[in-house]
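Enquirer: Quick one: this structure, given as structure tokens, is what I'll be asking you about.
Numbering (my numbering), first residue to last: 8 to 265.
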């Protein structure tokens, strides 16, 4: 279900749309039963779920059998809200939103297209936020600790400045899109290690094949100028200076739970 805030907005649009179409001379067909009364009847007899099922039966397949009376639908929602029946209120707002989109598609197709595009963008944003939140929670549960949003500043290559060029043996540093530091060897094809933050500039990795710590040395402006590590088996000095990376730093998406 949409949020109540979105539904209130849909109701407001519905009433405005109805007023604009009514002003063009759209007359009600008094011979048809009112949709609002049918929904009210089922709502009072069997509850909101039954009312939603009845609405789905009517709209759009049987819509020509009923008078779509938007102001009365709005009043029905207001009545349920005043009665404190929030479940019924939400269901009615959903109905109004559905009717609104249909009327807009008929009378204002450009607006309807814009609304549909915005709804799709909102849906995608919500899905991304949910996926990112789930990934953060999973990473935290896996022992990586809380995520951070300032890791881009550490990204780059760290090595011996006088040994750069083709085949240089550097450690590269990046970050995942859900907020965790990555580190790997530029000369290998193994997946980079994910590190847990244990301080402002200090990180650690504890895995089945390798455990180590890494700390960044900063200059007066807070820019990393060196990486100090305790991986003795790499054949590298424990202090590696920041060197110009041959790659453009950007976050790495990580699929967790696989």
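Heads up, the beta-carbon is just placed ideally off N, CA and C, and yes, glycines get one too.
1) Here's the rule: buried if 16 or more other CB atoms are within 10 angstroms of the residue's CB, otherwise exposed. What is residue 148?
2) At the level of alpha carbons, what is the spacing between residue 171 and residue 151?
3) Classify residue 183 as helix, strand or coil using the three-state DSSP reduction.
4) Report yes or no: do the region 246 to 255 and the region 163 to 180 share at least 3 C-beta pairs separated by less than 8 Å?
5) Apply the 10 Å Cβ neighbour rule to residue 84 and answer buried if 16 or more other Cβ atoms are within range, or exposed otherwise.
6) When you compare each of 132, 108, 133, 131 to residue 121 by their alpha carbons, which one comes out closest?
7) In the DSSP assignment, find the alpha helix (DSSP H) that holds residue 112 and state where it starts and stops.
8) Using 10 angstroms around the beta-carbon of residue 71, count the other beta-carbons present and answer buried if the total reaches 16, otherwise exposed.
9) If we count Cβ pairs, one from each stretch, closer than 8 Å, do we get three or more for the region 66 to 82 versus the region 98 to 105?
10) Which full runs of the alpha helix (DSSP H) of 4+ residues lie inside the region 149 to 227, going along the chain?
11) Taking Cβ to Cβ, would you say residue 235 is nearer than 8 Å to residue 245?
12) Would you decide whether residue 34 is buried or exposed? Buried here means 16 or more other CB atoms lie within 10 Å of its CB.
13) Check this for me: beta carbons of residue 192 and residue 241, under 8 Å apart or not?
14) Rounded to whole angstroms, what is the Cα-Cα separation between residue 195 and residue 99?
15) Comparing alpha-carbon positions, which option in 133, 219, 52, 225 lies nearest residue 237?
16) Go ahead and label residue 187 buried or exposed: buried means 16 or more other beta carbons lie within 10 angstroms of its beta carbon, across all protein chains shown.
17) What does a CB cutoff of less than 8 Å around residue 29 pick up in its chain, not counting 5 residues either side in sequence?
18) So, helix, strand or coil for residue 87, using DSSP?
19) To the nearest angstrom, report how far apart residue 76 and residue 256 are at their CA atoms.
20) Should residue 221 go down as buried or exposed, given a rule of 16 or more other Cβ atoms within 10 Å for buried?
21) Mind checking which residues open and close the beta strand (DSSP E) that includes residue 232?
22) In angstroms with no decimal places, state the Cα-to-Cα distance between residue 224 and residue 261.
23) Do residue 266 and residue 208 have their CB atoms nearer than 8 Å?
24) Leaving aside the five residues before and after residue 50 along the sequence, list all residues of the same chain whose C-beta is less than 7 Å from its C-beta, in chain order.
25) Do you know whose CA, among 181, 216, 55, lies nearest residue 210's CA?
26) Please name the residue, chosen from 212, 45, 112, 55, that lies closest to residue 65 on a Cα-to-Cα basis.
27) For residue 254, is the classification buried or exposed, using 16 other Cβ atoms within 10 angstroms of its Cβ as the cut-off for buried?
Expert: Working from what's here:
1) Here residue 148 scores only 49 on pLDDT, less than 50, and its place in the model should not be relied on; the value that follows carries that caveat. Exposed is the call here.
2) Between the alpha carbons of residue 171 and residue 151 lies a gap of roughly 32 Å.
3) strand
4) yes
5) buried
6) 108
7) 93 to 114
8) So residue 71 counts as exposed.
9) Counting C-beta pairs with one atom in each stretch, the region 66 to 82 and the region 98 to 105 have three or more that are closer than 8 Å, which means they touch.
10) none
11) yes
12) Because the pLDDT of residue 34 is 49, which lies under 50, any placement of that residue in the model is unreliable, and the number read from its coordinates should be weighed accordingly. Exposed is the call here.
13) yes
14) 60 Å
15) 219
16) Residue 187 counts as buried, since no fewer than 16 other beta carbons sit within 10 angstroms of its beta carbon.
17) Reliability of the predicted coordinates at residue 29 is poor, the pLDDT of 42 falling under 50, and no value is obtained from them.
18) helix
19) A direct Cα-to-Cα measurement between residue 76 and residue 256 gives close to 57 Å.
20) buried
21) 231 to 236
22) Approximately 27 Å, taken between the alpha carbons.
23) Here the chain has residues from 8 to 265 only, and residue 266 is not among them.
24) 58, 95
25) 181
26) Ranking the options by Cα distance to residue 65, first place goes to 45.
27) exposed
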